[in-house]
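First comes the structure, then the notes that go with it.
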Amino acid sequence: MKIGILTGGGDCPGLNPVIRAVVRKAILQGDEVIGLRNGWKGLMGKQTMLLTLDSVSGILHRGGTILGTSRTNPYKTEGGVETVKKNFKELGLDALIAIGGEDTLGVATKLAEEGLIVVGAPKTIDNDLNATDFTFGFDTAVNIVTECIDRLHTTAESHNRVMVVEVMGRHAGWIAAYSGIAGGADYILIPEIPIDLGQVCESIKKRHNRGKNFSIVVVSEGASFNEGYLALQDQDLDEFGHVRLGGIGNKLGELIEEKTGFETRVTVLGHIQRGGTPTAFDRVLGTRFGVKVYDLVKEGKSGRMVSLKGTDIVDVPLIEATGKLKTLDMKLYDIAKIFFG
Ligand code: F6P
1 MKIGILTGGG
11 DCPGLNPVIR
21 AVVRKAILQG
31 DEVIGLRNGW
41 KGLMGKQTML
51 LTLDSVSGIL
61 HRGGTILGTS
71 RTNPYKTEGG
81 VETVKKNFKE
91 LGLDALIAIG
101 GEDTLGVATK
111 LAEEGLIVVG
121 APKTIDNDLN
131 ATDFTFGFDT
141 AVNIVTECID
151 RLHTTAESHN
161 RVMVVEVMGR
171 HAGWIAAYSG
181 IAGGADYILI
191 PEIPIDLGQV
201 CESIKKRHNR
211 GKNFSIVVVS
221 EGASFNEGYL
231 ALQDQDLDEF
241 GHVRLGGIGN
251 KLGELIEEKT
261 GFETRVTVLG
271 HIQRGGTPTA
281 FDRVLGTRFG
291 VKVYDLVKEG
301 KSGRMVSLKG
311 TDIVDVPLIE
321 ATGKLKTLDM
331 KLYDIAKIFF
341 G
């Protein structure tokens, strides 16, 4: 078989382990794998690279994606879908593996419905994809943020300060909750619950009254004071209709200092969270997804996606993953709340 593979959307640690696993298993079985450069853009422009044992050697521990990525959406480009279908045929592809988040897999779902053989693997540091317990990239991001919170603790303590840490996660509080719990945050603010500034400040004051001279507040980039009013870096939408989130940390820091009188500093972690080497967990999850997604191709299971359920790798309909956002499990937030203040 001739199998195409692409990575779309924001990059994340663990993409290269998936690519490596697909290529290794495919070559072992006598199949050929063609990489499409920069997400759907590569299929639209026939930008390809032959993936050999050599090209995937030494990439297991590397972050990012050797294929490149973009947020190109063929459904938002004039004639995009027709071009994709035509190129699929002209490149002689028997099947396509799309590795991505909600948006990339949304396109994969539609193309599979239109008759192309397309299967998917879920990635995102945000862990907001339905139909899988975890996406790879999330564990790495959580570990990076946890280490940063540990580092912020010592400087916060030395200066008697409140430290606000803004983390990624888009409209779901997974990164904030996991890293906040792991890092011992004194308050965690998530997109799922509007921020109650009075409560945050009360909690910080209470903590200081019982002798603690510093506090760590983790805030998710998608959190807001009122439902629907998000802090944005700019108003421009990408091809999948997303705005650039960010800025809530600075606003929150300013208000906490004003209302509590405690000196406050803000750290915006940004893309540090998705760069660099994947954790062992993400390397193993990516490898397991890669092997399974290749098996789906061989079994002709178009329109399916690999997924982690408990400790098993299974396959689910692509549409289940993209139909609805997986927001934070509130049972986890209830645990986090025990440690506020
Ligand atoms: O979806 C992953 C993610 O890193 C989000 O957490 C974040 O909001 C967004 O991508 C940032 O994307 P970019 O800066 O690449 O447009």
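Under this note's numbering, think of the first position of the sequence shown as 1, with each following residue one higher. Note that CB positions come from ideal geometry on N, CA and C, so glycine has one too.
Nearest CA to the CA of residue i: which residue from the options?
i	options	result
T287	A121, E147 and V142	A121
L28	T52, K85, G35 and M44	T52
E147	T83, I272 and I59	I272
I190	G198, I181 and A177	A177
M1	I19, A26, P17 and T7	A26
T140	R161, W174, A156 and E157	W174
V306	I66, T327, A98 and G270	A98
G117	F88, I149 and T132	Looking at the sequence itself, residue 117 is Ile, so the reference to Gly does not match. Among F88, I149 and T132, the Cα nearest to that of I117 is on F88.
S55	Q47, T65 and K46	T65
E257	H61, C201, R37 and L245	C201
F281	V291, G58 and G137	G137
R207	P194, D196, Y187 and I19	Y187
L308	S57, H153 and F134	F134
F214	L60, K301, V164 and I3	V164
D334	S302, F225, G180 and F289	G180
T393	G300, T267 and M330	Because the chain is modelled from 1 through 341, residue 393 falls outside the range shown and cannot be assessed.
A21	Q47, G58 and A185	G58
N160	I144, N209, E166 and E113	N209
G303	T69, D11, E113 and L60	E113
Q199	R24, M44, G341 and M168	G341
G323	E102, I144 and D11	E102
F225	E82, D150, I195 and V145	I195
M330	F289, D315 and A172	A172
Q47	E90, S203, D238 and F339	E90
F262	G300, E157 and L285	E157
Can you tell me where the alpha helix (DSSP H) holding residue i begins and where it ends?
i	result
K76	Unbroken run through K76: none, as it is neither H nor E.
Q199	L197 to N209
I27	L15 to L28
D334	M330 to K337
N71	Here residue 71 is Arg; the residue named in the question, Asn, does not match the sequence. It is not in any alpha helix (DSSP H) - R71 carries neither H nor E in the DSSP assignment.
T322	L318 to T322
E102	E102 to E113
Just checking my contact of residue i with residue j at CB under 8 Å: how many whole Å lie between their CB atoms?
i	j	result
L50	V84	Not confirmed; about 20 Å, so no contact.
T260	K205	6 Å
R244	L230	Contact flag wrong, Cβ pair sits at about 10 Å.
V217	A185	7 Å
L60	G35	At roughly 16 Å, the Cβ-Cβ gap does not stay under 8 Å, so L60 and G35 are not in contact.
G10	R283	In fact, because the Cβ distance is near 19 Å, the residues do not count as touching under 8 Å.
If we call anything under 8 Å between Cβ atoms a contact, is residue i one with residue j?
i	j	result
G8	G100	yes
G39	T124	no
E320	A182	no
T327	E192	yes
R170	D126	yes
L318	A108	yes
I3	A95	yes
D128	L269	no
T264	V119	no
T277	G63	yes
L255	L197	yes
G42	L6	yes
I313	K292	yes
Would you say residue i touches ligand 3, meaning its beta carbon is less than 7 Å from a heavy atom?
i	result
T322	For ligand 3, the structure offers nothing, since it holds only ligand 1.
For the beta strand (DSSP E) that residue i lies in, which residues bound it at each end?
i	result
L51	T48 to L51
T7	K2 to T7
V219	S215 to S220
S307	R304 to K309
G290	Premise fails: G290 lies in the alpha helix (DSSP H), A280 to K298, not in any beta strand (DSSP E).
Please confirm if the segment 207 to 221 is in contact with the segment 233 to 249, defined as three or more CB-CB distances below 8 Å between the two stretches.
At 8 Å Cβ cutoff, the stretches touch.
Would you say the segment 11 to 27 touches the segment 73 to 91, given that touching needs at least three Cβ pairs under 8 Å?
no
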